[in-house]
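Data first, discussion second: the structure below is written as structure tokens.
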Amino acid sequence: MQTNKLRKYILISGQTEMSNKRQPKIKFKANALQLKKSMVVLGSMVKKNIKNQYRRSVLGIIWTVLNPLLNMLVMWFVFDKIFGRTSSGLFYPVFILSGTIVFNLMRGATTSSLPCMVTNYDLLTKTRVPYAVFPISQNLSALVNFGFSLIALLVLMLCCIPQGVEFHWTMFMILIPWLPSIMLFSMGISFALCSIYVRFRDIKHLYDVFLTLWMYVTPIFYSLESLKLGNTINTIMHLNPMLYYVNYVRQLLMGVVPDAITHAICYGVGILVFIVGFVIFRLSRKKFILYI
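Sequential numbering of the sequence shown, starting at 36, is according to this note's numbering.
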């Protein structure tokens with residue numbers, strides 16, 4: 036009897052050990068499968084966003100290059116020819132376009148992410164995809180548009196070589212380390228906005244107004260050096276994170292490597308905003324279905 040009980044105990048314990056060993060493998064395979072599924076959905080959503088942006092237009096995706104160039108021409112005419120604004124260190128059209136594409140990267144990522152949980156209600160309820168895929172896909176779509184805007188900037192710089200515009204090796208630093216820092220910043224804002232929009236739809240209109248104000252206090256059409264500001268206003272202007280992201284790119288275009296303080300500010304602000312936004316998103320995601 037004791038022998039039979041011992042055998043049963045050994046058999047049961049052996050099966051328990053085998054099941055415990057299999058559990059990590061099963062969980063790993065399940066997580067890997069979920070990650071693969073999420074990446075497929077993410078890729079398809081980015082393609083869909085890019086196609087829908089210029090659906091039924093004659094020039095299609097070419098507008099991603101033409102749009103920043105045409106806007107730059109308008110701003111150049113208004114601020115240079117009418118108001119007589121100048122830039123320091125860069126040819127003025129390059130100065131405007133570089134600031135515009137940087138700000139548009141953040142603006143495009145955040146404004147498209149704001150309603151993404153509501154507009155993708157069917158996918159939220161019918162598929163088991165992590166909710167974070169939706170704001171991330173909007174940010175990646177904005178990143179693709181930024182890539183085309185960079186082409187527009189390079190074309191402009193080539194055309195302006197007779198005016199003294201030069202190419203520098205520092206321009207490669209736009210991709211690394213600058214780009215990850217502003218993407219962290221944009222994704223953090225996107226996570227927070229899409230979480231708040233689910234409950235408070237009026238934030239879309241408030242954010243549009245705020246973006247207009249944010250654009251004008253960011254030195255896109257002017258340089259801070261050209262303005263005569265008091266100490267208080269100057270301090271407030273330097274609290275604007277986009278000031279550092281814009282100036283970072285402009286320094287690279289001039290062949291200057293930004294100092295360690297600028298790197299610390301760009302990444303410090305980016306990581307902080309990302310963490311805060313992601314925490315808000317994680318705390319709110321369980322109630323998305325209730326409010327949508």
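Don't be surprised by glycine CBs; every beta carbon is placed ideally from N, CA and C.
query	result
What does the Cβ neighbour count give for A295, buried or exposed, with the cut at 16 atoms within 10 Å?	exposed
Which of the three DSSP states, helix, strand or coil, is assigned to A177?	helix
Which runs of the alpha helix (DSSP H) at least 4 residues long sit entirely within the segment 226-283? Give them in chain order.	238-252 and 266-272
Under a three-way DSSP split, which group does T162 fall into?	coil
Would I300 be called buried (16 or more neighbouring beta carbons within 10 Å of its own) or exposed?	buried
Please list, in chain order, all residues of the same chain as S148 whose beta carbon is under 7 Å from its beta carbon, the five residues on each side excluded.	P170, Q173, N174, S225, L228 and C229
Please classify A167: does DSSP put it in a helix, a strand, or coil?	coil
For the putative contact between V153 and L288, defined by C-beta atoms under 8 Å, what is the C-beta separation to the nearest angstrom?	About 39 Å separates the two Cβ atoms, so there is no contact after all.
Run the CB neighbour count on G8, radius 10 Å, all protein chains shown included, and call it buried at 16 or more, exposed below.	In this structure the chain extends from 36 to 327, so residue 8 is not present and cannot be described.
Look at the alpha carbon of F323 and the alpha carbon of V233, and state the distance between them as a whole number of angstroms.	7 Å
If you draw a straight line from the alpha carbon of I186 to that of V100, how long is it in whole angstroms?	7 Å
Could you check if S251 is buried or exposed, using at least 16 other CB atoms within 10 Å of its CB as the buried criterion?	According to the sequence shown, residue 251 is Tyr rather than Ser. Exposed, by the Cβ-count rule.
Report back the beta-carbon spacing between T205 and V281 to the nearest angstrom; my notes put them in contact at under 8 Å.	Wrong, their Cβ atoms sit about 16 Å apart, outside the cutoff.
For the pair the segment 213-225 and the segment 130-148, tell me if three or more CB-CB distances fall below 8 Å.	yes
Classify C151: buried if its beta carbon has 16 or more other beta carbons within 10 angstroms, exposed otherwise.	buried
Which word fits M107, buried or exposed, when buried means at least 16 other C-beta atoms lie within 10 angstroms of its C-beta?	buried
Do the segment 136-145 and the segment 175-182 make contact, defined as three or more Cβ pairs closer than 8 Å?	yes
Where does the unbroken alpha helix (DSSP H) through T145 begin, and where does it stop?	Y127 to S148
Should the segment 298-312 be called in touch with the segment 207-220, which here means at least 3 C-beta pairs below 8 Å?	yes
Classify V75 as buried or exposed, calling it buried when 16 or more other Cβ atoms lie within 10 Å of its own Cβ.	exposed
Looking at the secondary structure, which residues open and close the alpha helix (DSSP H) in which C151 lies?	C151 to T154
Between which two residues does the alpha helix (DSSP H) carrying V311 extend?	A295 to S319
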